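Taking it in order: structure first as structure tokens, then the write-up.
Chains as they are written, first to last, in my numbering: chain A, 25 to 301; chain B, 24 to 316.
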């Protein structure tokens, strides 16, 4: 079997180039993993290629005892709340946009799309001011509204593209049976747009879980720290204890690594949601 | 659907977006006319922050640096992702295995990527220098992130490492959609691998190239976390790109008015870039051509 444009296994050049890239892509991760099992002294003297020397779980133990569990719970709360809100409000909006051909609705849609063109970083100073005024500064709740606001544009776009493809006949026959908007949404729109919903949930979960800037500007106390912010603090706290930092990095990525193992297709599909193919 | 129903359905999303995205964007414009340290009352400053923004060499440098990062990121990420994506589009077992491994960098947050590279790989006693000396090339060792002239290239390389898997994914999906009959026809006509690549694969990937390009160029305005974690904008101002310049001006140098002026510049650059790219590439036409995914 041949492949688009590039050679077969019998042609060595693509394979050699492919293996070279493998080293570039994977070596930093491999090195991080072996470092996370070393003592600080072993990290400085050990081989950069093989996991030599006495390996230890000490780094993982100290990161876990340092309270990373709380940061996981914080991240989980912010992620689940934000993603639930993004999905719900975007689904309602996308349903309206797909079903109503009015100028005003189209205008609102275009305003959402404007949000795709402007980097959210440009809004952080006023967001900091607003969250401060509302008394949500330094709380887990304060991080949710801005994440929701900036998750809406891409989510609405993807859902609109999908819901628009649902044939009108299906709506008509359900309306004939006396279905209201709630039943249309529940029994028609949601089941038929499942792939799109899975993709936007994956995409937004990764965005919120990994977000660093909002926690950075909207919190200061340790008890509301999320995982990415905690990682950055570990860097300051552990200083030259690189193995400790590497153990923290690996622990921080465990939920996503787990997703990659059990649902790789959906995870990768979610990453390129709206851009792929 | 009656208009009242449509309005009710749109209201929650519109309210969130207005309050925490639209209003802040406008507020940034207003704040840029004030001198404010975030604590004491703000003082009207007229165009003071703007005069400063257009004369301040640090801001000019941040803008230039951002353009440099944008250009080099495109030059590095596009050919590598394209070749890798086309390579992975093949369905052979060994390519599938390579694909699983190639996409591993995608599993780490920007902060994690920054930490892996800055404390384990590029640190003075990190993997790169150790590996170089272990093969007898210690002369090539550097303080990669501490060197004013090298730091920006190190940052660009790490950003490439972080984002190439994502664009590879786009190209893989694009290449798999190229109709196989085109290749069969080409083979019958006696076209070789290279010819097939340049005459079929590349033209067929036109829309993917456009999508990926738009994402790299507009994305360059948002690289914050990686740079913040790796260098904090330094050494000196060597890696102080626009979003970082804005953050540091506002939150570290507590000059919220000036930070807001830079935020407005950032938003304007983003918006202009999007509009220009839309016009030049017909990105929106393409969007409607490939509804759904």
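We put the beta carbon where it would ideally sit given N, CA and C, even for glycine. Model, not experiment: these values are computed from the prediction.
(message) Between which residues of its own chain and residue 174(B) is the CB-CB distance below 8 Å, once the five residues before and five after are set aside?
(response) Taking the first residue of the second chain as position 1, residue 174(B) is located at position 151. Once the five neighbours on either side are set aside, the close Cβ partners of residue 174(B) are 167, 168, 254, 257, 258, 261 and 262.
(request) Please confirm if the stretch 158 to 176 of chain A is in contact with the stretch 208 to 215 of chain A, defined as three or more CB-CB distances below 8 Å between the two stretches. (result) no
(message) Helix, strand or coil, according to DSSP, for residue 79(B) in the structure here?
(response) Here residue 79(B) is taken as the residue at index 56 of the second chain, counted from 1. Coil at residue 79(B), not helix or strand.
(message) With three or more C-beta pairs closer than 8 Å as the rule, is the stretch 182 to 198 of chain A touching the stretch 110 to 119 of chain A?
(response) yes
(message) Using 7 Å as the threshold, is the C-beta distance between residue 197(B) and residue 241(B) below it?
(response) Taking the first residue of the second chain as 1, we reach residue 197(B) at position 174. Taking the first residue of the second chain as 1, we reach residue 241(B) at position 218. No.
(request) Can you have a look at residue 133(B) and say buried or exposed, based on whether 16 or more other CB atoms are within 10 angstroms of its CB? (result) Residue numbering aside, residue 133(B) sits at position 110 when the second chain is read from its first letter. Buried: at least 16 other Cβ atoms inside 10 Å.
(request) Could you tell me whether the Cβ of residue 88(A) comes closer than 7 Å to any Cβ of chain B? (result) Start at 1 with the first residue of the first chain, and residue 88(A) comes out as number 64. So, not an interface residue.
(request) Could you tell me whether any Cβ in chain A is nearer than 7 Å to the Cβ of residue 258(B)? (result) As a working note, residue 258(B) is residue 235 in the second chain. It does not; no Cβ of chain A falls within 7 Å.
(request) Take residue 182(B) as the anchor and find which of 98(B), 151(B) and 206(B) has the nearest alpha-carbon. (result) Taking the second chain and counting its residues from 1, the one referred to as residue 182(B) is at position 159. Here the closest residue by C-alpha is 98(B).
(message) Buried or exposed, going by whether 16 or more other CB atoms sit within 10 Å of the CB of residue 295(A)?
(response) Residue numbering aside, residue 295(A) sits at position 271 when the first chain is read from its first letter. Label assigned to residue 295(A): buried.
(request) Report, in whole angstroms, the separation of the C-beta atoms of residue 294(B) and residue 265(B), which I expect to be a contact under 8 Å. (result) Your numbering for residue 294(B) matches position 271 in the second chain. Your numbering for residue 265(B) matches position 242 in the second chain. About 14 Å; that fails the 8 Å criterion.
(request) Could you tell me if residue 259(A) is buried or exposed, where buried requires 16 or more neighbouring beta carbons within 10 angstroms of its beta carbon? (result) In the first chain, counting from the first residue as 1, residue 259(A) sits at position 235. Per the 10 Å Cβ criterion, buried.
(request) Determine, using beta carbons only, whether residue 77(B) comes closer than 7 Å to chain A. (result) Along the second chain, one-based indexing puts residue 77(B) at 54. No, no contact with chain A.
(message) Taking DSSP's pairing of strands, which residues face residue 58(B) in a bridge?
(response) If you number the second chain from 1, residue 58(B) lands on position 35. Looking at the DSSP assignment, residue 58(B) forms a beta bridge with 66(B).
(message) Once the 5 residues before and after residue 269(B) are set aside, which same chain residues still bring their CB inside 7 Å of it?
(response) Numbered from 1 along the second chain, position 246 holds the residue referred to as residue 269(B). For residue 269(B), where only same-chain residues beyond five positions count, the Cβ hits under 7 Å are 282, 285, 286 and 289.
(request) Quick one: using the 10 Å Cβ neighbour count with 16 as the cut-off for buried, is residue 15(B) buried or exposed? (result) Since the first residue shown for chain B is 24 and the last is 316, residue 15(B) is missing from the structure and cannot be characterised.
(request) Please compile the residues from chain A whose C-beta is within a distance smaller than 8 Å of the C-beta of residue 245(B). (result) Stepping through the second chain from its first residue, residue 245(B) is reached at position 222. Ordered by position in chain A, the residues that pass the 8 Å Cβ test against residue 245(B) are 143, 144 and 145.
(message) How far does the alpha helix (DSSP H) with residue 272(B) in it extend, from its first residue to its last?
(response) Along the second chain, one-based indexing puts residue 272(B) at 249. Run containing residue 272(B): none; DSSP gives neither H nor E here.
(request) Tell me whether the beta-carbon of residue 280(B) lies closer than 7 Å to the beta-carbon of residue 54(B). (result) Within the second chain, the letter at position 257 stands for residue 280(B). Within the second chain, the letter at position 31 stands for residue 54(B). Result yes, Cβ atoms of residue 280(B) and residue 54(B) sit closer than 7 Å.
(request) Output the boundary residues of the alpha helix (DSSP H) element that contains residue 131(A). (result) In the first chain, residue 131(A) corresponds to position 107, counting from 1. Where residue 131(A) is concerned, the enclosing alpha helix (DSSP H) stretches over 127 to 141.
(message) In this structure, how does DSSP classify residue 76(A) when only helix, strand and coil are distinguished?
(response) Locating residue 76(A) in the first chain gives position 52, where the first residue counts as 1. Of the three classes helix, strand and coil, the one that applies to residue 76(A) here is coil, per DSSP.
(request) Please work out which residues of its chain come closer than 6 Å, Cβ to Cβ, to residue 166(A), disregarding the five sequence neighbours upstream and downstream, and give them in chain order. (result) Mapped onto the first chain, residue 166(A) falls at position 142. The answer, listed in chain order, is 155, 160 and 242.
(request) At 7 Å on the CB atoms, spell out the chain B contacts of residue 113(A), in chain order. (result) Locating residue 113(A) in the first chain gives position 89, counting from the first residue. 35, 36 and 39, listed in chain order.
(message) Which residue wins for smallest C-alpha separation from residue 60(A), given the options 76(A), 112(A), 46(A) and 246(A)?
(response) Your numbering for residue 60(A) matches position 36 in the first chain. Residue 76(A) is the option with its Cα nearest to residue 60(A).
(request) Could you tell me the boundaries of the alpha helix (DSSP H) in which residue 216(B) lies? (result) For the purposes of this step, residue 216(B) is identified with residue 193 of the second chain, where counting begins at 1. It spans 216 to 219 - the alpha helix (DSSP H) in which residue 216(B) sits, taken as one unbroken run.
(request) Just the C-alpha distance for residue 48(A) and residue 136(B), rounded to the nearest angstrom, thanks. (result) Looking up residue 48(A) in the first chain gives position 24. Looking up residue 136(B) in the second chain gives position 113. When rounded, the distance between both Cα atoms is 14 Å.
(request) For residue 12(B), go through chain A and note every residue whose CB falls closer than 7 Å to its CB, in chain order. (result) This structure leaves residue 12(B) out entirely; chain B is present only between 24 and 316.
(request) Grab me the residues of residue 198(A)'s own chain with a C-beta within less than 8 Å of its C-beta, minus the 5 sequence neighbours each way, in chain order. (result) Indexing the first chain from 1 puts residue 198(A) at position 174. Cβ within range, chain order: 207, 208, 211 and 212.
(request) Determine the DSSP secondary structure at residue 62(A), reduced to helix, strand or coil. (result) Within the first chain, the letter at position 38 stands for residue 62(A). Note: residue 62(A) maps to coil in three-state DSSP.
(message) Taking contact to mean 3 or more Cβ pairs, one atom from each stretch, closer than 8 Å, check whether the stretch 102 to 111 of chain B and the stretch 152 to 172 of chain B are in contact.
(response) no
(request) Spell out whether any CB of chain A is found under 7 Å from the CB atom of residue 212(B). (result) Start at 1 with the first residue of the second chain, and residue 212(B) comes out as number 189. Answer no: the Cβ-Cβ gap between residue 212(B) and chain A never drops below 7 Å.
(message) For residue 147(A) and residue 52(B), what's the separation of their Cα atoms in angstroms?
(response) To locate residue 147(A), count along the first chain from 1; it is residue 123. To locate residue 52(B), count along the second chain from 1; it is residue 29. Each residue's alpha carbon lies about 10 Å from the other.
(request) Leaving out five residues on either side along the sequence, give the residues of the same chain with a beta carbon under 8 Å from the beta carbon of residue 172(A). (result) Taking the first residue of the first chain as 1, we reach residue 172(A) at position 148. So the qualifying residues of the chain are 106, 109, 110 and 113.
(message) Can you confirm whether residue 290(B), when its beta carbon is compared against all beta carbons of chain A, has any partner nearer than 7 Å?
(response) Numbered from its first residue, the second chain carries residue 290(B) at position 267. Chain A contact via Cβ: present.
(message) How far does the alpha helix (DSSP H) with residue 273(A) in it extend, from its first residue to its last?
(response) By 1-based counting over the first chain, the position of residue 273(A) is 249. Run containing residue 273(A): 266 to 286, per the alpha helix (DSSP H) assignment.
(request) For residue 226(A), count neighbouring C-beta atoms within 10 Å of its own C-beta (all shown protein chains included) and say buried if the count is 16 or more, exposed if not. (result) Taking the first chain and counting its residues from 1, the one referred to as residue 226(A) is at position 202. Classification of residue 226(A): buried, given that the 10 Å Cβ count is 16 or more.
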